[in-house]
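Asker: To start, I am sharing the structure in question, which I have written as C-alpha cells.
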Amino acid sequence: MKRVIVVRTPLRLPIGGGGTDLPWYYSQHKGSFISAGIDKYITIVLKHRNFHDEVLVKYSKTEETTDINTIQNERVREALKLLGVTKSVEIVSFSDIPSNTGLGGSSTFTVALLHALHIYKKEYVSFQKLAEEACQVEINALKQPIGKQDQYAATFGGINHYTIFKNGSVITTPLTLSAQTIRELENNLFLFYTGIKRNASEVLQNQKDTAQKDPSRGIEGMHQIKEIGEEIRKALETGNTRRFGEWMNVHWDVKKKLSDKMTDPQIDKWYDHAIANSAVGGKIMGAGGGGFFMFYCDTNQKQFVDAMTKEGLQYMPFKFDWDGTRVLFNA
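The opening residue of the sequence shown carries number 2 in the working numbering; numbering runs sequentially from there.
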C-alpha cells in the first residue's frame with residue numbers, strides 16, 4: 002500500500018469583527034466577523050508506513066509511538082483520536098511563517114491535518130464539517146479559550162462574512178467584492194512581522210476575565226467591534242477600501258481596551274510611527290500582543306515600507322487565497 006497525501010491550507014487575516022467568535026460572546030449576543038485567506042500556508046504531508054505500526058510525527062520535534070495517547074503534540078493526538086487513525090502513518094508539517102504570530106497557524110494546522118486524514122481514509126468531507134471538526138478538537142477536546150474564526154477562515158479561504166448563532170452554528174457568506182476592490186486591498190494592505198511571539202490563549206483568557214470583571218468594558222467593547230465589522234463590510238462591498246483603513250484605526254482603539262496584554266509601549270510606538278508615515282489605520286493580527294501588524298496605506302507606499310523596516314519590522318507581501326484547504330497530491 003503506497004499512499005502519499007499533501008494538503009495545503011491557508012493562513013488568515015482578520016478583517017473585521019474579530020473576537021465576536023469567542024463562545025462567551027456569541028452564546029449571548031451572536032458573532033459576526035469577516036476573515037480572509039492569504040497565500041501563506043501550512044502544508045501537511047501524510048504517508049502510509051508499510052511494515053510499521055508506529056505513528057511518526059515530524060514538526061519542530063519528532064515523535065514516534067505505538068500509542069497515540071502519548072503523542073505530545075496535542076492537536077495531532079486529538080485529530081488522530083477523532084478520526085480513528087491509530088497506526089502506520091507518518092505526518093510531516095511545513096509552515097510559511099513562524100508559530101504564534103497571529104495569523105491563525107494553530108487552527109490552520111488542525112484543519113490541514115484533519116483534511117489529510119479524511120483523504121487518507123478515502124472519506125469525503127464538506128468544508129462545513131471540516132471546520133466544525135477543527136473546532137471540536139481545539140475548543141471541545143483541548144479546552145482552548147479561542148473562537149471559531151481561525152478554523153473557518155483556514156477551511157474556506159476567500160474573503161467571507163461569518164455569522165455565529167447562539168447555539169454555535171455558523172453561516173458563511175462570501176463578500177460581494179469587485180475585481181478593483183480586491184486589487185486595491187492587495188495593493189494597499191501591508192503585513193509586517195514584529196518578531197514578537199505571543200501566547201494567544203493567554204491574551205484571550207485575559208480578555209475573557211476582563212469582560213467578566215468589567216462587563217461595560219468587555220461586552221460593550223465587543224458590541225463596538227461587531228458594529229465596526231459591519232461598517233467594514235459595507236465599505237468593502239461598496240468599493241471604499243480607504244474607509245476600511247479608517248475603520249481599522251477605530252477598531253484598534255477599541256481592541257486595546259479589551260485586554261491589558263493587547264499592546265505594549267513598543268507596539269504602540271510602531272503603530273504611531275506607521276500613522277506618522279502615511280498609514281491610514283492598522284492593527285495587530287489575531288489575539289494581540291505581538292506577531293504581525295496589518296496596515297492600510299494608499300500613498301507614499303515605498304517610503305512607508307522603508308520607514309517601518311528601518312524600525313526593525315519585516316515586510317511580508319501577500320495575495321489572497323481563494324481555494325481554502327486543498328489537496329495538492331493524493332497517490
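All C-beta atoms in this analysis are idealised placements derived from N, C-alpha and C, irrespective of residue type, glycine included.
The structure displayed is predicted, hence computed values, not measured ones.
1. Is it right to say Ile172 is buried, meaning 16 or more other beta carbons lie within 10 angstroms of its own, or is it exposed?
2. Mind checking whether Arg234 and Gly17 have CB atoms under 9 Å apart?
3. Taking Val93 and Lys41 to be in contact with their CB atoms under 8 Å, please state how far apart those CB atoms are, rounded to whole angstroms.
4. Which whole runs of the beta strand (DSSP E) in the region 260–298 are 3 residues long or more, in chain order?
5. If you follow the beta strand (DSSP E) that Asn70 is part of, which residue opens it and which one closes it?
6. Expressed to the nearest angstrom, what Euclidean distance is found between the alpha-carbon atoms of Thr195 and Pro24?
7. What separation, rounded to the nearest whole angstrom, lies between the Cα atoms of Phe296 and Ala275?
8. Identify whether Ile35 lies in helix, strand or coil by the three-state DSSP scheme.
9. My assumption, with CB atoms under 8 Å, is that Pro11 sits in contact with Asp322. Please give the rounded CB distance.
10. If we count the other Cβ atoms within 10 Å of its Cβ and call it buried at 16 or more, is Lys256 buried or exposed?
11. Ordered along the chain, which non-local residues of its own chain (more than five positions away) have a Cβ less than 8 Å from that of Asn250?
12. Please confirm if Phe305 has its CB atom under 9 Å from at least one CB of chain D.
13. Work out the CA separation of Glu64 and Asp307 for me, nearest whole Å.
14. Could you spell out the range, first to last residue, of the alpha helix (DSSP H) harbouring Gly19?
15. Looking only at C-alpha atoms, which of Thr242, Ala135, Leu192, Thr156 sits nearest to Ser179?
16. Could you give the residue range of the beta strand (DSSP E) that holds Ile172?
17. Output the distance between the C-alpha atoms of Glu79 and Val126, rounded to the nearest integer angstrom.
18. Just to confirm my understanding: we take Asp54, look at its own chain, exclude 5 residues before and 5 after, and list those with CB closer than 7 Å. What are they?
19. For a test of the three-state rule: what should DSSP assign to Pro318, helix, strand or coil?
20. With a threshold of 7 Å on Cβ separation, who are the neighbours of Arg50 within its own chain once the five nearest residues in sequence on each side are excluded?
21. Need the endpoints of the beta strand (DSSP E) that Ile160 sits in, please.
22. By Cβ distance below 7 Å, which residues in the same chain neighbour Glu232 in space, the five residues on each side in sequence not counted?
23. Assign Thr326 to one of three DSSP states: helix, strand, or coil.
24. Go through the region 55–117 residue by residue and report every complete run of the alpha helix (DSSP H) that reaches 4 residues or more, in order.
25. From Ile165, Asp97, Ala142, Leu104, pick the residue whose C-alpha is nearest to that of Gln129; which is it?
26. From Trp253 to Ala113, what does the alpha carbon distance come to, in whole angstroms?
27. Leu143 and His162 look like a contact to me (Cβ under 8 Å); what is the Cβ gap, rounded to whole Å?
Answerer: Working from what's here:
1. Your numbering for residue 172 matches position 171 in the sequence shown. Classification for Ile172: exposed.
2. In the sequence shown, residue 234 corresponds to position 233, counting from 1. In the sequence shown, residue 17 corresponds to position 16, counting from 1. Closer than 9 Å, so yes.
3. What you label residue 93 is simply residue 92 of the sequence shown in a count that begins at 1. What you label residue 41 is simply residue 40 of the sequence shown in a count that begins at 1. Their Cβ separation, rounded to whole angstroms, is 18 Å, which puts Val93 and Lys41 out of contact at 8 Å.
4. 282–285, 293–297
5. Here residue 70 is taken as the residue at index 69 of the sequence shown, counted from 1. Run containing Asn70: none; DSSP gives neither H nor E here.
6. Residue numbering aside, residue 195 sits at position 194 when the sequence shown is read from its first letter. Residue numbering aside, residue 24 sits at position 23 when the sequence shown is read from its first letter. The straight-line gap from Cα to Cα measures roughly 29 Å.
7. As a working note, residue 296 is residue 295 in the sequence shown. As a working note, residue 275 is residue 274 in the sequence shown. Between Phe296 and Ala275, the C-alpha separation is close to 8 Å.
8. Looking up residue 35 in the sequence shown gives position 34. In this structure, Ile35 counts as strand in the three-state DSSP scheme.
9. Indexing the sequence shown from 1 puts residue 11 at position 10. Indexing the sequence shown from 1 puts residue 322 at position 321. Indeed they touch by this definition, with Cβ atoms about 4 Å apart.
10. Reading the sequence shown from its first residue, position 255 is the one you call residue 256. Per the 10 Å Cβ criterion, buried.
11. Indexing the sequence shown from 1 puts residue 250 at position 249. The residues are Ile276, Val281, Gly282, Gly283.
12. The chain inventory of the structure shown lacks chain D, comprising one protein chain alone.
13. Looking up residue 307 in the sequence shown gives position 306. Looking up residue 64 in the sequence shown gives position 63. Cα to Cα, the separation comes out at about 42 Å.
14. Here residue 19 refers to the residue found at position 18 when the sequence shown is read from its first residue. Here Gly19 belongs to no alpha helix (DSSP H), and DSSP marks it neither H nor E.
15. For this step, residue 179 is matched to residue 178 along the sequence shown. Residue Thr242 is the option with its Cα nearest to Ser179.
16. As a first step, residue 172 is located in the sequence shown; it is residue number 171 there, counting from the start. 171–175 is the extent of the beta strand (DSSP E) around Ile172.
17. Within the sequence shown, numbered from 1, the residue matching residue 79 stands at position 78. Within the sequence shown, numbered from 1, the residue matching residue 126 stands at position 125. One C-alpha to the other measures close to 18 Å.
18. Looking up residue 54 in the sequence shown gives position 53. Excluding residues within five positions, the ones whose Cβ falls inside 7 Å are Thr67, Lys88, Ser89.
19. For the purposes of this step, residue 318 is taken as the residue at position 317 of the sequence shown. In the structure shown, Pro318 sits in coil (DSSP, three-state: anything other than H, G, I, E or B).
20. Position 49 of the sequence shown holds residue 50. The residues are Leu57, Ser89, Val90, Glu91.
21. Here residue 160 corresponds to residue number 159 of the sequence shown, with the count starting at 1. Taken as a continuous stretch (DSSP letters only), the beta strand (DSSP E) holding Ile160 covers 160–165.
22. If you number the sequence shown from 1, residue 232 lands on position 231. Only Trp248 meet the Cβ criterion.
23. What you label residue 326 is simply residue 325 of the sequence shown in a count that begins at 1. The answer is coil: DSSP assigns Thr326 none of H, G, I, E or B.
24. 75–84
25. Locating residue 129 in the sequence shown gives position 128, where the first residue counts as 1. The candidate whose alpha carbon is nearest that of Gln129 is Ile165.
26. Here the question's residue 253 lines up with position 252 in the sequence shown. Here the question's residue 113 lines up with position 112 in the sequence shown. Between Trp253 and Ala113, the C-alpha separation is close to 30 Å.
27. By 1-based counting over the sequence shown, the position of residue 143 is 142. By 1-based counting over the sequence shown, the position of residue 162 is 161. That pair is no contact at about 27 Å.
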